[in-house]
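This report concerns only the one structure given below.
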Amino acid sequence: MPTRTRKLLIAIAVSSIFSASVVAGDHNEITIDQRTVSNEGQTATSTQFGSFNQSTINQEGDAQDSSVIQNGEYNVSSLTSNGYGNTQFIEQTGEYNNSTVAVYGDANVNDVTQDISNYSYSETRGSDNENTITQNGISNYNYFSFSGDNNVHTLDQAGEDNQSYFYSFNEANRNTATITQGGQYNQSRIVNVGSDDNEFVISQDGDSNSSLIQGTVGHTNSFNISQVDFLNTARLINVAGNNNEITVDQDGDQNNVGDGDVAEFSGDNNVVNITQTGASNRTDMRVLGDANTVSLHQDGNSHYARMTTDGNSNTVNASQSGDINMIDILTTGDENSIELAQVGGSNDISGIDGVSADFGVTGSNNTLTISQTGNLNSVFGSSTGSANSISVAQTGTSNTAVTTQN
């Protein structure tokens, strides 16, 4: 009866020492611990081929280099680095791999590549950090959190049921995070961004994917969500701050901006752009603050949009192209400008019917312009306040327009 062997290799290097280990077989463990006080240039390399391998590298000091490569199944790798000028690389090929990278210091570079059902946790604290994680396969999970300046985070996940969680600390300014997911049932979350001048890009290609941006209070940030296919959801909850730019682009059918939660933006001088192409898409959003610009474009049939603004000097532009589309507009505040355009048949901008059911402009010095091109379109509406101006233009046959100002 063959027996299994279990190999344990522990390498401890103090000061400037190079350590390398290559082990082939099953159930192997490699632990490398390096510490230095004044010397630089440590290097730790661990390579394992087989199954059930575990590699742990601990480095403390300056200008260190770490590399772990595992080829097989059920591999676990943990890499911790404390210092500055560190470079980490972890590559795992196979199934059910687990990688954890934690770096404390400056000018760190992390690169993690995993294939099929992998889990990756990465936390970086410091400045000038760069993190790249690529996971290929099904049911990948990634959690990433960094604190510091000038960080770059890039995540690429391919497959189904992938999850990405991005948490940014309050002092993380001028960072760039790019998340790309391909497949079905993927989730991406960007939560608690309390800093400024950051850029976040989420790209999802597939159906039944969801993106969440929540609890942001920073300024001059850029949020870009792109979703291709159907049944995708973009949720934006408590997005606050000034001079931010939010862009949502959905291409497909039955996509949703809000998904039960009203997409809410608060602050001044923000720019919100939402584009939906396909059929049966829905947008429900609310903008609070002054001098904000909100643009919505829906191209296709059976779309619904509900837009609420509350504040001064806001600008709202909404357009729908196709048939059986509906826009509900509610505005509270002063000096608002609203332009609505519908091209197609059986489109509706509602209100009244018992007085309310949306399309109501409340405040003073508001301007509302509605243009409908096609047949069997209707407007309804109402406006409460003083010095308001409503302009309705309908081109086609069997159209209905009712406007009321009090």
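Note that the sequence shown covers residues -24 to -1, 1 to 382 in mature numbering (1 follows the signal peptide of the UniProt record, and there is no 0).
All C-beta atoms, glycine included, are put in the ideal place defined by N, C-alpha and C.
6 Å Cβ shell around residue i - same chain, five flanking residues per side excluded
i	result
Arg282	Asp260, Asp304
Asp225	Ser202, Thr251
Ser198	Glu175, Glu221
Phe65	Ser43, Asp87
Asp266	Asp244, Gly287, Asn288, Ser289
Asn74	Val52, Tyr95
Arg262	Val238, Glu240, Thr284
Val128	Glu106, Thr152
Gly70	Gly48, Glu49
Phe28	Asp2, His3, Tyr50
Glu36	Arg11, Asn58
Asp172	Asn149, Gly194, His195, Thr196
Asn218	His195, Gly243, Asp244, Asn245
Leu207	Asp183, Ser184, Gln230
Cβ neighbour criterion (16 or more within 10 Å) applied to residue i
i	result
Thr110	buried
Ser367	exposed
Arg(-19)	Here the model assigns Arg(-19) a pLDDT of 35, short of 50, so the residue's position is not dependable, and the following value carries that caveat. The residue in question, Arg(-19), is exposed, as its Cβ has fewer than 16 Cβ neighbours within 10 Å.
Ala255	buried
Thr209	buried
Ser374	exposed
Asn214	exposed
Ser365	exposed
For residue j and residue i, the rounded distance between their alpha carbons
i	j	result
Asn351	Ser322	6 Å
Gln10	Thr100	19 Å
Asp237	Gln190	11 Å
Asn116	Thr56	22 Å
Leu188	Asn162	11 Å
Leu306	Ser340	14 Å
Thr102	Phe25	Position check: residue 102 holds Gly in this sequence, whereas Thr was assumed. When rounded, the distance between both Cα atoms is 33 Å.
Gln139	Gln160	11 Å
Ala363	Gly135	56 Å
Arg150	Ser184	31 Å
Ile166	Ile114	21 Å
Val85	Thr12	19 Å
Thr343	Thr89	54 Å
Asn126	Gln46	30 Å
Gln279	Gly357	A small correction: the amino acid at residue 279 is His; Gln does not occupy that position in the sequence shown. Going from the Cα of His279 to the Cα of Gly357 covers about 19 Å.
Arg211	Asp235	7 Å
Val292	Asp132	35 Å
Gln230	Thr253	10 Å
Ser54	Met302	53 Å
Ser22	Val77	15 Å
Gly298	Gly336	24 Å
Val270	Leu264	11 Å
Asp310	Asn168	31 Å
Val355	Asn112	50 Å
Ser31	Tyr141	25 Å
Val233	Ala317	20 Å
Tyr143	Tyr119	8 Å
Gly124	Asp104	8 Å
Asn200	Ser186	14 Å
Ile33	Gln180	34 Å
Asp324	Thr108	47 Å
residue 386	Asp91	Limits of the chain in this structure are -24 at one end and 382 at the other, which puts residue 386 out of reach.
For residue i, the residue or residues it bridges with in DSSP
i	result
Val85	Thr63, Glu106
Val270	Val248, Val292
Tyr143	Ser121, Val167
Glu99	Ala78, Ser121
Arg150	Its beta-bridge partners do not exist; DSSP assigns none.
Thr223	Asn200, Asn249
Gln230	Beta-bridge pairing links Gln230 to no other residue.
Val128	Glu106, Thr152
Val177	Thr154, Asn200
Gly309	Gly339
Asn58	Glu36, Tyr80
Gln348	Gln318, Gln370
Gln190	Val167, Ile213
Gly254	Gly276
Ser43	Thr21, Phe65
Gln133	Gln111, Gln157
Asp260	Arg282
Ile325	Ile303
heavy atom of the ligand GTP below 7 Å from residue i C-beta
i	result
Glu49	The ligand content of the structure shown is nil, which means the ligand GTP is not present either.
Same chain, Cβ closer than 7 Å to residue i, neighbours up to 5 away in sequence not counted
i	result
Gln370	Gln348, Asn353, Ala377
Thr(-22)	Annotation note: pLDDT 39 at Thr(-22) (below 50); position unreliable, coordinate value reported separately. No residues qualify anywhere along the chain.
Gly182	Gly158, Gly159, Gln160, Asn162, Asp205
His273	Thr251, Ser295
Tyr97	Thr76, Tyr119
Same chain only: Cβ atoms within 8 Å of residue i, ignoring 5 sequence neighbours per side
i	result
residue 415	Missing from the structure shown is residue 415; the chain here goes from -24 to 382 and no further.
Asn62	Gln35, Ala39, Gln40, Asp41, Ser42, Val79, Gly81, Ala83, Asn84, Val85
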